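Reminder that position 238 of the sequence shown reads as 238 in UniProt numbering, one-by-one numbering, no gaps. Take a look at the structure below.
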Amino acid sequence: MFGTSGIRGPVGDVVTARLTLDVGQAVGVDTDTVVVGRDARNTGDVLADAVSVGLREFGTDVIRLGVVSTPTLARSVRWLGADAGIGITASHNPAPDNGIKLWNPSGQAFTPAQTDTIERRLSTGEVDDPSSDIDDSPTDDSPTDDSPTDDSLTDDSLTDDIDDSTPDDTSGAVLSEDVGAASWDAFGTERIEEGVSSRHLDRLVASFSDTEAPSPTNRTDDSSGEAEGESAPKPFDDLSIVVDLGNGTGRVTVDALYELGATVHTLDAQCDGRFPARKSEPNAETLTALQAAVPALDADFGIAHDGDADRMVAVSGGGEYVPGDLLLALFARDAVETNGLDDGGDSDSRTSSPRVAVPVDTSLVVADTVSEAGGSVEYTPVGDVHVADAASQEGFVFGGEPSGAWIWPAETLAPDGHYAALQLATLVAQNGSLGTLLDSIPAEEYVTRRANVAVENKSEAMAAIQRVLRERYDDIDTIDGLRVDTGDGWFLVRPSGTEPLVRVTAEARDESLTDDLLDSALDVVDAEVHP
1 MFGTSGIRGP VGDVVTARLT LDVGQAVGVD TDTVVVGRDA RNTGDVLADA VSVGLREFGT
61 DVIRLGVVST PTLARSVRWL GADAGIGITA SHNPAPDNGI KLWNPSGQAF TPAQTDTIER
121 RLSTGEVDDP SSDIDDSPTD DSPTDDSPTD DSLTDDSLTD DIDDSTPDDT SGAVLSEDVG
181 AASWDAFGTE RIEEGVSSRH LDRLVASFSD TEAPSPTNRT DDSSGEAEGE SAPKPFDDLS
241 IVVDLGNGTG RVTVDALYEL GATVHTLDAQ CDGRFPARKS EPNAETLTAL QAAVPALDAD
301 FGIAHDGDAD RMVAVSGGGE YVPGDLLLAL FARDAVETNG LDDGGDSDSR TSSPRVAVPV
361 DTSLVVADTV SEAGGSVEYT PVGDVHVADA ASQEGFVFGG EPSGAWIWPA ETLAPDGHYA
421 ALQLATLVAQ NGSLGTLLDS IPAEEYVTRR ANVAVENKSE AMAAIQRVLR ERYDDIDTID
481 GLRVDTGDGW FLVRPSGTEP LVRVTAEARD ESLTDDLLDS ALDVVDAEVH P
């Protein structure tokens, strides 16, 4: 039921009000306070109502955030002193879909062990020492954000496994009253909290205000202070940026860039859960308007979010889409160089061997770039929950996915598209242009190809594909899917965690070899999926 990013699927088929109520009950078994928010999808209000009812029926107090970005919701769990957060969102999925994603106070999504507990409760009604199963109270190693955990929002206190089952399999298995439903006089309360997006904005502006501002271009004297009536320089004063919100919930990015001095142009900034302007997933195929707007407006670069703004992708000043692996390499290199020890240096805030968490389908350009900067990569299963789990460990300075999910563990364990946008703006402001940054990554040495194959049953398809590949190759890595390294390249076959697809990735340093690897993998997949 829970994939790599929670529960997602078509509303009325996979995702229903009954399901969200049941999830609310299952989470409410051992929580006192839960934050609930949603993206702009038209079905979100009904589903958020249902999950709130389930929580309150089991005695949990609910704090409703309304329509917010997923990064804002994830941070709000700690800010508001809650035990968990529930987001009603399908992220980058199509408009007819919706979903449920669960969050810990650390900003990290529920781990597979935690979602297994929730799933067990949904299917059996079993409660087995629940507090030890899903509790993830902040530890000394958790990101501190900015947070006292009270509910004040004043200015003074800014904090895959493969599973082809559907929620229909749990019909009739709702938690019964004798395993945790509250008595009539102990139902949970509900209140509305409207200040969290502003709080997130304030946090971001405060975090990046210390970024070195560009040198004044109109200064004619040697005075170090501002002229009378002249405002103090801001970090992004010289930047012009186009932001494509795709009718999603990414407004915090626009406001933060503006507050930090950038000239900001917006595309499709009105929240609309039908996503009329473009598909919610931001990629090279869906961002044609942004790619045209950036050079037309003579902007430095463009960024785009998905429907809930946990993802952030970029377009160069020339209007070219920046491949996710290159953006991952840029962010990872900067994190390693910023947090690694200088030669002979010493600092409690740095590490002598900074590590970066990336999924197993990441290009070799990332590992090579990180290595040259003095760090190392650790491969994880695909999915930001797995990347975040690795990034939460000691020594990790960054985690990211080429799809556009970026995690700075010292800040938050949630992918935060707003924070990522400001990090990219900082790098561009410090280096002159996004093109200059991209030129410093040896991308031309690597050729990557990706393809998707629709399947009806991912488990059966992967089992059949594995049998064939084991007959042809001696060494297969099964950390997530099936990865085959050939010495001069590699390919990966893995099931999507959120859609009925098998994803195939191939990479080599030669285009024809990459095509051969991809074709070889697709031949096996097609033969087993469509015999």
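In this text, a Cβ means the ideal position worked out from N, Cα and C, and glycines have one as well. Since the model is a prediction, treat every value here as computed from it, not as a measurement.
Best match in the options for proximity to residue i [C-alpha to C-alpha]
| i | options | result |
| --- | --- | --- |
| Asp515 | Trp490, Arg503 and Ala292 | Trp490 |
| Pro282 | Pro381, Ser403 and Arg251 | Ser403 |
| Pro94 | Val243, Phe208, Leu245 and Gly307 | Gly307 |
| Ile88 | Val14, Leu80, Ile7 and Thr124 | Ile7 |
| Glu445 | Thr369, Leu482, Thr124 and Leu328 | Thr369 |
| Val252 | Ser209, Val196 and Phe236 | Val196 |
| Met462 | Gly44, Ala74 and Gly481 | Gly481 |
| Ala182 | Val29, Arg494 and Ser280 | Val29 |
| Thr16 | Trp406, Val366 and Asp45 | Asp45 |
| residue 579 | Tyr321, Glu456, Arg56 and Thr436 | Only positions 1 to 531 of the chain appear in this structure, which leaves residue 579 out of reach. |
| Glu471 | Gly417, Val484 and Pro276 | Val484 |
| Thr362 | Ala405, Gly374, Phe236 and Asp334 | Ala405 |
| Ala314 | Leu47, Glu285 and Ser123 | Glu285 |
| Asp237 | Leu201, Ala256, Gly250 and Asn247 | Ala256 |
Under the three-state DSSP convention, the category residue i falls into
| i | result |
| --- | --- |
| Arg467 | helix |
| Glu378 | strand |
| Trp406 | strand |
| Glu444 | helix |
| residue 539 | An answer regarding residue 539 cannot be provided, because it is not within the stretch 1 to 531 covered by the chain. |
| Tyr321 | strand |
| Glu394 | coil |
| Asn104 | coil |
| Leu260 | coil |
| His200 | helix |
| Ala420 | helix |
| Asp151 | With a pLDDT of 32 at Asp151, under the threshold of 50, the modelled position of this residue cannot be trusted; read the value that follows with caution. Correct three-state label for Asp151: coil. |
| Val360 | coil |
| Met462 | helix |
| residue 534 | In the structure as shown, the chain starts at 1 and stops at 531, and residue 534 therefore has no counterpart that could be examined. |
| Thr70 | helix |
| His386 | helix |
| Asp334 | helix |
| Arg33 | Reading the sequence as shown, one finds Thr at residue 33 and not Arg. If DSSP states are grouped into helix, strand and coil, Thr33 belongs with the strands. |
| Trp490 | strand |
| Thr253 | helix |
C-beta contact flag for residue i and residue j at 8 Å
| i | j | result |
| --- | --- | --- |
| residue 534 | Asp384 | No answer is possible for residue 534: it lies beyond the span of the chain, which begins at 1 and ends at 531. |
| Arg38 | Val67 | yes |
| Arg41 | Asn104 | no |
| residue 532 | Val336 | In the structure displayed, the chain extends from 1 to 531; residue 532 sits before or after that span and is not available. |
| Ser76 | Val35 | yes |
| Gly54 | Gln25 | yes |
| Leu364 | Ile441 | no |
| Ala299 | His265 | yes |
| Asp116 | Thr31 | no |
| Asp526 | Val453 | yes |
| Val360 | Leu492 | yes |
| residue 578 | Ala262 | Outside the displayed range of the chain (1 to 531) lies residue 578, so it cannot be described from this structure. |
| Ser352 | Ser376 | no |
| Leu517 | Thr478 | no |
| Pro409 | Ser433 | no |
| Gly273 | Leu328 | no |
| Phe187 | Arg56 | yes |
| Ala388 | Leu413 | yes |
| Gln430 | Glu194 | no |
Cβ-based burial, residue i [other Cβ within 10 Å; buried from 16]
| i | result |
| --- | --- |
| Ser223 | Any reading at Ser223 needs caution, since the residue's pLDDT is 41, under 50, leaving its predicted position unreliable; the model's value is listed next. Under this definition Ser223 is an exposed residue. |
| Thr189 | exposed |
| Trp184 | exposed |
| Thr380 | buried |
| Asp210 | exposed |
| Asp13 | exposed |
| Ser231 | exposed |
| His530 | exposed |
| Pro415 | buried |
| Ala74 | buried |
| Arg494 | buried |
| Gln270 | exposed |
| Glu119 | buried |
| Asp268 | buried |
| Ser371 | exposed |
| Tyr321 | buried |
Contact test: residue i Cβ vs the ligand GDP heavy atom, cutoff 7 Å
| i | result |
| --- | --- |
| Pro495 | Ligands are entirely absent from the displayed structure, and the ligand GDP is therefore not among its contents. |
*Okay, do the stretch 282-301 and the stretch 56-71 touch, 3+ Cβ pairs below 8 Å being the bar?*
no
*Does the pairing of the stretch 14-25 with the stretch 106-113 give three or more beta-carbon distances under 8 Å?*
Output reads no: the stretch 106-113 does not touch the stretch 14-25.
*asked:* Does the contact criterion of 3 or more C-beta pairs under 8 Å hold for the stretch 489-509 versus the stretch 443-458?
replied: Touching, per the Cβ criterion.
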